[in-house]
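Residue numbers (this note's numbering), protein chains in the order written: chain A, 3 to 245; chain B, 11 to 175. Glycine is no exception: its CB is placed at the ideal position from the N, C-alpha and C atoms.
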């Protein structure tokens with residue numbers, strides 16, 4: 003007879019559950035950050051219903067009606083999609099217009115912590131060796147035409163999960179919504195400490211910038227070190243991207 | 011702090027870990043599970059008047075997390091083993107029986123993993139699981155039965171090997 007012939011379903015499930023408990027889990031993100039993001043969902047949904055010209059911050063939550071909202075949201079999304087098509091068309095015109103200009107010679111900035119090299123085609127190669135001098139890197143990226151924000155361990159984020167890292171308390175930037183697909187084209191390449199990242203300014207959607215957030219602010223960015231670097235699209239603003 | 015905020019905060023605090031474990035059981039990667047779960051909790055707060063009255067709010071969160079999909083940010087620098095949880099995925103844990111069980115869970119078909127995870131960590135019955143996953147109760151029971159059978163076989167095989175050594 004086999005050892006576990008007599009195991010009940012509950013015993014099997016308990017054993018499986020205990021095996022998963024062996025994996026240490028991340029500490030939960032700050033609930034304030036979760037709620038702030040939830041509030042952003044709320045404002046966005048109301049904006050989609052009421053249109054961008056109507057202030058929504060003071061609307062009471064009890065006005066929410068899921069079915070009615072879904073119908074309105076569908077109409078709102080259709081309008082947004084039409085607007086997006088217009089914006090895309092304008093964006094393409096801009097790209098074609100600038101393509102006729104002669105490219106400027108590559109500009110180099112060789113510093114100890116990182117390297118930024120503007121390519122002839124306008125893309126910007128970024129290599130990071132150390133998570134130091136985020137302000138300098140931010141200035142250089144902006145000078146090369148990238149609406150950028152750079153934050154290295156802004157709130158002692160070591161060991162935090164990705165959600166907490168990009169939503170750190172006091173982040174001057176807000177997520178750019180609707181840019182998930184474009185984000186894949188804005189930053190290409192690989193690891194910043196080996197092949198480097200290529201930032202494509204022409205792929206950045208109108209009204210968006212790029213934020214780099216690292217969970218460490220010290221040490222070399224080598225395969226032996228710990229740390230995370232995240233990039234995501236954010237809304238441009240004076241506080242976030244400088245303009 | 012309003013009453014609703016405190017209510018949600020309490021719910022979040024009590025529910026994060028069981029929901030995260032359920033998510034890890036389904037998606038395999040603790041990092042991806044955390045991403046999707048955080049987004050789902052944000053949506054839960056956005057719809058809190060509805061979620062708080064839901065018969066199984068944790069199940070609502072997990073189902074939403076499962077539907078959330080990939081993150082909207084990209085991790086650029088972490089293709090290296092680390093000391094903390096982020097390097098861990100199902101089947102990668104070298105902890106004997108646990109490792110083999112984790113691997114067995116990871117090999118289950120997705121739907122079986124979802125049913126097993128909701129049963130294990132949220133302690134839901136088949137009818138509630140079925141409602142959350144949008145399937146028939148009988149189908150949920152079938153997935154649960156097959157999943158448990160596969161896990162039992164893994165347990166049996168492992169223990170028999172150990173007994174013969």
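- Using beta-carbon distances, residue 15 of chain A counts as an interface residue toward chain B, with a partner under 7 Å.
- Cβ contact annotation for residue 146 of chain B (same chain, cutoff 7 Å, sequence separation greater than five): 140, in chain order.
- By DSSP's assignment, residue 128 of chain A forms a beta bridge with A/118 and A/199.
- The beta-bridge partner set that DSSP reports for residue 210 of chain A consists of A/237.
- Interface flag for residue 33 of chain A against chain B is set, since a Cβ pair is found closer than 7 Å.
- Within the model, the alpha-carbon separation for residue 36 of chain A versus residue 190 of chain A is close to 29 Å.
- Chain order gives the chain B residues near residue 36 of chain A as 22, 48, 51, 52 and 55, where near means a beta carbon separation below 7 Å.
- Judged by DSSP in its simplified three-state form, residue 17 of chain B adopts helix.
- As far as DSSP is concerned, residue 22 of chain B takes part in no beta bridge.
- A direct Cα-to-Cα measurement between residue 237 of chain A and residue 118 of chain A gives close to 23 Å.
- Neighbours of residue 241 of chain A in chain B, taken as residues whose beta carbon is under 7 Å from its own, are absent, since the nearest beta carbon is some 19 Å off.
- Interface residue (Cβ-Cβ distance to chain B less than 7 Å): residue 205 of chain A is not classified as such.
- Counting the other Cβ atoms within 10 Å of the Cβ of residue 192 of chain A gives fewer than 16, which makes it exposed.
- Residues 175, 213, 242 and 243 of the same chain have their beta carbon placed closer than 6 Å to that of residue 151 of chain A, with the five preceding and five following residues left out of the count.
- Against chain A, the beta carbon of residue 139 of chain B has no neighbour under 7 Å; the closest one sits roughly 13 Å away.
- Ranked by how close their Cα comes to the Cα of residue 245 of chain A, the residues A/211, A/128 and A/169 have A/211 in first place.
- The C-beta distance from residue 127 of chain A to residue 34 of chain B rounds to 36 Å, too long to meet the 8 Å contact threshold.
- The alpha carbon of residue 231 of chain A has as its nearest neighbour, out of A/41, A/194 and A/208, the alpha carbon of A/194.
- For residue 51 of chain B, the enclosing alpha helix (DSSP H) stretches over residues 40-56.
- A/115 is the residue among A/125, A/143 and A/115 whose C-alpha sits nearest the C-alpha of residue 133 of chain A.
- In the same chain as residue 110 of chain B, and ignoring 5 residues on each side of it, the C-beta atoms closer than 7 Å to its own belong to 164 and 168, in chain order.
- Only 154 from the region 143-154 of chain B bring a Cβ to less than 9 Å from some Cβ of chain A.
- Ranked by Cα distance from residue 240 of chain A, the options A/209, A/184 and A/32 are led by A/209.
- Residue 70 of chain B is positioned such that its CB atom lies no closer than 7 Å to that of residue 18 of chain B.
- Against chain A, the CB of residue 19 of chain B has a partner CB under 7 Å away; the residue lies at that interface.
- The three-state reading of DSSP puts residue 243 of chain A in coil, since its state is none of H, G, I, E or B.
- Contact annotation for residue 35 of chain B against chain A: 18, 19 and 22 [CB-CB distance below 9 Å, chain order].
- Between residue 123 of chain A and chain B, the shortest Cβ-Cβ separation is not below 7 Å.
- At a C-beta separation below 7 Å, residue 156 of chain B has no neighbours in chain A, since its nearest C-beta there lies roughly 12 Å away.
- From the listed residues A/120, A/188, A/200 and A/33, the smallest Cα separation to residue 207 of chain A is found for A/188.
- Per the coordinates, the alpha-carbon of residue 186 of chain A lies some 46 Å from the alpha-carbon of residue 166 of chain B.
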